[in-house]
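Contents: one structure, followed by commentary.
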Amino acid sequence: MTRFGITPGAPASRRHAMSLTPIAAACALCLWSASVQAQSQSDLQAADSAPTQVKVTGIRGSIESSIAIKKESDSIVESITAEDIGKLPDQSIAESIARLPGLSAQRVAGRAQVISLRGLAPDFGVTLLNGREQTSTSNDRSAEFDQYPSELLSGVVVYKTPDANMTASGLSGTIDLRTVRPLDRKGRTVAFNLRGEHNSNGELNSGWSNRGKRLSLSYIDQYLDNTLGLAIGYAHLDTPGQQKEYKSWWWGANNNLGPGNEDVIGLKGAEVTSTSRKQVRDGLMAVLDWKPSRDLRSTLDLYYSEFDQEETMRGMMWNSADTVTYRDPQIETIGGGRMLTGGTLVGLEPIVRNDYNERRDEMGALGWNTRLRLNERWSVDGDLSYSTAKRFETTSETYAGLGPAGSGATDDNFGFRIPVGAGMPQFAPGFDFADPANIRLTDVGGWGHDATMHHPRVEDRLGAAKLNLRGELDGWFSNVQAGLSFSKRDKSHEDVSQTYWLKNGRALTTVPADIIQPTTSLSWAGIPGVLTFDPRAALDRFYDKRPVDTDVAQQDWEVSEKQAIGYLRLGIDTDLGTVPLRGNLGVQYVHVNQEGQGKAVSGNVITALRDEHSYNDVLPSVNLNFDFGNYLHDTYLRLGLAKTVARPRMSDMRAGVSAGVDPTTRMWNGGGGNPKLEPWRANSFDLSLEHYMGKGSYVSAAYFFKDLKSYIYNQQREFDFSAFPNSSTVIPLTNIGTINQPANGQGGFVRGVELSASLQFGALWQPLDGFGVQASVSGTESSISPNGPGTTEKLPGLSGVVRNITLFYEKYGFSARVAQRYRSAFRGEVTGLFAQRAFSEILAEDQVDIQLGYEFQDGPLKNLGLLLQVNNLGNEPYQTRQGSPFASGAYAPERYTTYGRQVLFGLNYKL
Numbered sequence: 001m002t003r004f005g006i007t008p009g010a011p012a013s014r015r016h017a018m019s020l021t022p023i024a025a026a027c028a029l030c031l032w033s034a035s036v037q038a039q040s041q042s043d044l045q046a047a048d049s050a051p052t053q054v055k056v057t058g059i060r061g062s063i064e065s066s067i068a069i070k071k072e073s074d075s076i077v078e079s080i081t082a083e084d085i086g087k088l089p090d091q092s093i094a095e096s097i098a099r100l101p102g103l104s105a106q107r108v109a110g111r112a113q114v115i116s117l118r119g120l121a122p123d124f125g126v127t128l129l130n131g132r133e134q135t136s137t138s139n140d141r142s143a144e145f146d147q148y149p150s151e152l153l154s155g156v157v158v159y160k161t162p163d164a165n166m167t168a169s170g171l172s173g174t175i176d177l178r179t180v181r182p183l184d185r186k187g188r189t190v191a192f193n194l195r196g197e198h199n200s201n202g203e204l205n206s207g208w209s210n211r212g213k214r215l216s217l218s219y220i221d222q223y224l225d226n227t228l229g230l231a232i233g234y235a236h237l238d239t240p241g242q243q244k245e246y247k248s249w250w251w252g253a254n255n256n257l258g259p260g261n262e263d264v265i266g267l268k269g270a271e272v273t274s275t276s277r278k279q280v281r282d283g284l285m286a287v288l289d290w291k292p293s294r295d296l297r298s299t300l301d302l303y304y305s306e307f308d309q310e311e312t313m314r315g316m317m318w319n320s321a322d323t324v325t326y327r328d329p330q331i332e333t334i335g336g337g338r339m340l341t342g343g344t345l346v347g348l349e350p351i352v353r354n355d356y357n358e359r360r361d362e363m364g365a366l367g368w369n370t371r372l373r374l375n376e377r378w379s380v381d382g383d384l385s386y387s388t389a390k391r392f393e394t395t396s397e398t399y400a401g402l403g404p405a406g407s408g409a410t411d412d413n414f415g416f417r418i419p420v421g422a423g424m425p426q427f428a429p430g431f432d433f434a435d436p437a438n439i440r441l442t443d444v445g446g447w448g449h450d451a452t453m454h455h456p457r458v459e460d461r462l463g464a465a466k467l468n469l470r471g472e473l474d475g476w477f478s479n480v481q482a483g484l485s486f487s488k489r490d491k492s493h494e495d496v497s498q499t500y501w502l503k504n505g506r507a508l509t510t511v512p513a514d515i516i517q518p519t520t521s522l523s524w525a526g527i528p529g530v531l532t533f534d535p536r537a538a539l540d541r542f543y544d545k546r547p548v549d550t551d552v553a554q555q556d557w558e559v560s561e562k563q564a565i566g567y568l569r570l571g572i573d574t575d576l577g578t579v580p581l582r583g584n585l586g587v588q589y590v591h592v593n594q595e596g597q598g599k600a601v602s603g604n605v606i607t608a609l610r611d612e613h614s615y616n617d618v619l620p621s622v623n624l625n626f627d628f629g630n631y632l633h634d635t636y637l638r639l640g641l642a643k644t645v646a647r648p649r650m651s652d653m654r655a656g657v658s659a660g661v662d663p664t665t666r667m668w669n670g671g672g673g674n675p676k677l678e679p680w681r682a683n684s685f686d687l688s689l690e691h692y693m694g695k696g697s698y699v700s701a702a703y704f705f706k707d708l709k710s711y712i713y714n715q716q717r718e719f720d721f722s723a724f725p726n727s728s729t730v731i732p733l734t735n736i737g738t739i740n741q742p743a744n745g746q747g748g749f750v751r752g753v754e755l756s757a758s759l760q761f762g763a764l765w766q767p768l769d770g771f772g773v774q775a776s777v778s779g780t781e782s783s784i785s786p787n788g789p790g791t792t793e794k795l796p797g798l799s800g801v802v803r804n805i806t807l808f809y810e811k812y813g814f815s816a817r818v819a820q821r822y823r824s825a826f827r828g829e830v831t832g833l834f835a836q837r838a839f840s841e842i843l844a845e846d847q848v849d850i851q852l853g854y855e856f857q858d859g860p861l862k863n864l865g866l867l868l869q870v871n872n873l874g875n876e877p878y879q880t881r882q883g884s885p886f887a888s889g890a891y892a893p894e895r896y897t898t899y900g901r902q903v904l905f906g907l908n909y910k911l
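Anchor point for the sequence shown: position 44 equals 44 in my numbering, and the numbering is continuous, going up by one each time.
Shown next, in the form of structure tokens:
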């Protein structure tokens, strides 16, 4: 695989997504055979010895608890449980979730942040906290999992098939984050965790440390004869981010290379930056659990977090599209095309950047559930919840260089070398770009402004109420549930865009010594350093604000969504001949009323817009679990059938539009959102064969097929512009024009296989007791064209192959874990220019993490544990390539980023 550089050939996800299946199936068969042997040995051991009650904790206890949840569920699920209070297996909850079969994480700023389920982007899933849908600090619905401290969670359950009584569920699946229930535990528990952190990339910007810390404290107890339980947890995170990044702007031909070289593909612009981050998060969890009798239980859940992020970026960027020439060009043929891989740029106008960004996220969730047993056969429970999320962000840019654009102040000796294989490109400037005598504040790029500042704001509120009635039955159907739920969600986004001009008529300005800071080195990319100064002080002292930019007003929007659901569910517990059968079948009726607000922008004229829409869905579901234990011990076949939906992206439902009248055709045209969007809809089929060996081992093979009846993508549509202001002097022929907006269109399928296993080797051979392995592999493919019929882009979030393997040892207080997480190349959603949505072709990632620990078993240090973790052991780079190939079929590199390895050392203590 070509790790960096021109990659020949077209995207391979559709051709090769399923090609791993025969190999994986053979591996699964070997594990299945081993499981039969392990099961036989376990049976013999059970016959020779009396049963004993041993409480298993730590890694093996977590695995056994997770397997029990998977085995006992009526739906097809995956699960993670904490090793102990405040001890989930990974540094973040997203990394733990990404190790489950069929799930994968995308790194954002070096952190695993968003999750794709079964090849579908985060938009298609739903995230719950204790069974309740959560708001998000993102621009849409998808959760940002780094908002949830892993220390405050007791576990996660991922539902791959829906259940009729789950009134919040996704098309791809549902992720339910869970906190502890204090009355389900015995006795008082106090747990304390402390860790120090070090980032191997070092201190890239002066004053921005590469060291951090995290601590947590948890308390659980029961009162009043175990009728009242209390759990409180606090988690603090102070983690550094140190990022080295090269990013190309775009590639193209016609590079002033002389006759015969018009076809050579060259780099048209690039940037090299060092970014340092300080990320501080405080999270609080509380649970009050009251059970005065066996007939009544009431639980109150509280969650709150604040996440403050600061970052500074120093670097250099340049535009080499039209005004430069080349000396000593190096041209190589790669993938059937010729590429300019080295030489010297002449006439370049490099831009020195000093940026400062800050972001504050606030999240809160409150839930109250009460369950009352009316008699021996009937019970009722009610649930009230409220969730809120806010994001406040400021991004700023300053520019400096040799002189204003077009002034003739250029670097005529700027060397470059772009590697064909893996690695960071190297550059050699002809000037000292750290010298304030050379580098001054000015508009080097010719962009019409000297600095910018953006202020994105997001607010999300969700209130919900649910009432459920359950009755026990006799016969085929073991129980019946019926219920109603109502929810209302309001989300808004706004962005104030501010440009700045330098004082004194945009005069070339020298940066004074009192705000100059130690030089930021870019030597890892060949550049000795750039002028480094305090950008906030510079903005206050040398710039004047310009009028607010109205072009981004169409990005200001508010969406309100009301959803009412009624459902009926029948539980199944019967026998089909010699095969026990359990499960459920049910149906939901869903009514949604939505309203989108926004702004119409025509020139400098802004007009408020509003539109609304409603729709209904009937969603049947079936989950069946066939117990084949009479034929092969502890073996189950699960079947899931359902109609599912995923509600549209909220930013796509905005009413905002930017439009105008074409002076040539005298016709209206524009682009914007669509408040009349309806959800993605799909029919799904799931099949899972599972074999369990005792409490700690299993093997599973699953197949899924999702037939999406529609997909949302941008389309050219007829639109009535009667309500829009016309800021031009051109009179339109008609108010009916065309608009480019998201709309429901042609769908397709997503299908895949998932193979997973967990095996404790002691069941095979006693001397290996304490050793074990967890492994999974999935292959996924899709026929969907996400940008409409005839387009070739891949489905966002879909990796053809995802695999995970974890080897562990735990015995006599010692523990060790080595985990590998692989994800093949995929098209991922990223933050683009001005914090807008964009996509990148993200190359395959293969990350390895290790963990070593020891817990004292007796003596005065009993229950004290020491822990060493190394995350991203190999400093796996984050790499992307351009979205579309050249005529030769080759792809050009876009981004090469390293985040460093994280080393953590700490202790855990429990009373």
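Don't be surprised by glycine CBs; every beta carbon is placed ideally from N, CA and C.
Expected contact under 8 angstroms - CB spacing of residue i and residue j to nearest Å
{"i": "Gly-348", "j": "Ser-320", "result": "The question names Gly, but residue 348 in the sequence shown is Leu. Indeed they touch by this definition, with Cβ atoms about 6 angstroms apart."}
{"i": "Leu-581", "j": "Leu-624", "result": "6 angstroms"}
{"i": "Pro-648", "j": "Leu-687", "result": "Rounded, the Cβ-Cβ distance is 29 angstroms, inconsistent with contact."}
{"i": "Asp-544", "j": "Lys-503", "result": "6 angstroms"}
{"i": "Ala-143", "j": "Thr-167", "result": "That belief does not hold up - the Cβ atoms of Ala-143 and Thr-167 are roughly 18 angstroms apart, past 8 angstroms."}
{"i": "Tyr-713", "j": "Pro-786", "result": "6 angstroms"}
Start and end residues, alpha helix (DSSP H) containing residue i
{"i": "Leu-539", "result": "535-542"}
{"i": "Lys-70", "result": "58-72"}
{"i": "Arg-638", "result": "Per DSSP, Arg-638 belongs to no alpha helix (DSSP H); it is in the beta strand (DSSP E), 635-646."}
{"i": "Ile-93", "result": "93-97"}
{"i": "Lys-503", "result": "503-506"}
Among the options, nearest to residue i - alpha-carbon criterion
{"i": "Gly-660", "options": "Thr-738, Leu-296 and Gly-747", "result": "Thr-738"}
{"i": "Asp-849", "options": "Leu-861, Glu-829, Gln-820 and Phe-826", "result": "Gln-820"}
{"i": "Tyr-386", "options": "Phe-486, Tyr-896 and Ser-66", "result": "Phe-486"}
{"i": "Ala-270", "options": "Gly-315, Leu-257 and Gly-505", "result": "Gly-315"}
{"i": "Phe-685", "options": "Glu-718, Gly-696, Arg-654 and Thr-644", "result": "Thr-644"}
{"i": "Tyr-246", "options": "Gln-760, Arg-417 and Ala-400", "result": "Arg-417"}
{"i": "Glu-558", "options": "Glu-494, Val-657, Asn-193 and Ser-62", "result": "Glu-494"}
{"i": "Asn-669", "options": "Arg-610, Pro-162 and Ser-602", "result": "Ser-602"}
{"i": "Gly-583", "options": "Val-590, Tyr-589, His-591 and Thr-574", "result": "Thr-574"}
{"i": "Ile-331", "options": "Leu-153, Asn-255 and Lys-910", "result": "Asn-255"}
{"i": "Val-324", "options": "Leu-345, Arg-440 and Gln-309", "result": "Leu-345"}
Other residues of its chain near residue i: CB distance less than 6 angstroms, five sequence neighbours each side excluded
{"i": "Trp-250", "result": "Lys-268"}
{"i": "Ser-75", "result": "Tyr-159, Thr-161, Asp-163 and Asn-623"}
{"i": "His-229", "result": "Correcting the residue identity first, residue 229 is Gly in this sequence and not His. Closer than 6 angstroms at the Cβ level, and outside the excluded window around Gly-229, lie Pro-182, Leu-183, Gln-222 and Asp-289."}
{"i": "Ala-816", "result": "Tyr-809 and Leu-852"}
{"i": "Gly-571", "result": "Ser-478, Asn-479 and Asn-584"}
{"i": "Leu-29", "result": "Any reading at Leu-29 is ruled out, since the residue's pLDDT is 41, under 50, leaving its predicted position unreliable."}
Beta strand (DSSP E) segment containing residue i, residue limits
{"i": "Lys-599", "result": "579-602"}
{"i": "Gly-337", "result": "337-346"}
{"i": "Asn-630", "result": "No beta strand (DSSP E) contains Asn-630, which DSSP labels as neither H nor E."}
{"i": "Lys-291", "result": "269-293"}
{"i": "Ile-731", "result": "From DSSP, Ile-731 is part of no beta strand (DSSP E); its letter is neither H nor E."}
7 angstroms CB neighbourhood of residue i in its chain, flanking five on each side removed
{"i": "Gly-110", "result": "Gly-241, Gln-243 and Tyr-899"}
{"i": "Glu-810", "result": "Gly-58, Ile-59, Arg-60 and Gly-770"}
{"i": "Phe-533", "result": "Asn-354, Val-511, Ile-515, Ile-516 and Gln-517"}
Residue i beta carbon near the ligand ADP (any heavy atom closer than 7 angstroms)
{"i": "Asp-295", "result": "In the structure on display, the ligand ADP does not appear, and there are no ligands present to speak of."}
Contacting residues, own chain, Cβ-Cβ under 8 angstroms from residue i (five flanking each side not counted)
{"i": "Gln-41", "result": "Confidence is the limiting factor: at Gln-41 the pLDDT is only 45, short of 50, which leaves the residue's position unreliable, though a coordinate-based value still follows. Counting only Cβ-Cβ distances below 8 angstroms, and skipping sequence neighbours, we find Ala-763 and Leu-764."}
Tell me the start and end of each unbroken beta strand (DSSP E) in the stretch 745-828 that is at least 3 residues and wholly inside, in chain order.
-> Counting only runs of 3 or more, we get 771-782, 801-811 and 814-823.
Write down every uninterrupted run of the beta strand (DSSP E) in the stretch 178-222 whose length is 3 residues or greater and which is fully enclosed by it, in chain order.
-> For the stretch 178-222, whole beta strand (DSSP E) runs of length 3 or above, ordered along the chain, are 189-199.
In chain order, which beta strand (DSSP E) runs of at least 3 residues are fully inside the stretch 91-155?
-> Qualifying beta strand (DSSP E) stretches, in chain order: 103-108, 111-117 and 125-129.
Could you pull out every unbroken alpha helix (DSSP H) segment of at least 4 residues lying fully inside the stretch 456-510, listed in chain order?
-> Segments of the alpha helix (DSSP H) lying fully in the stretch 456-510: 503-506.
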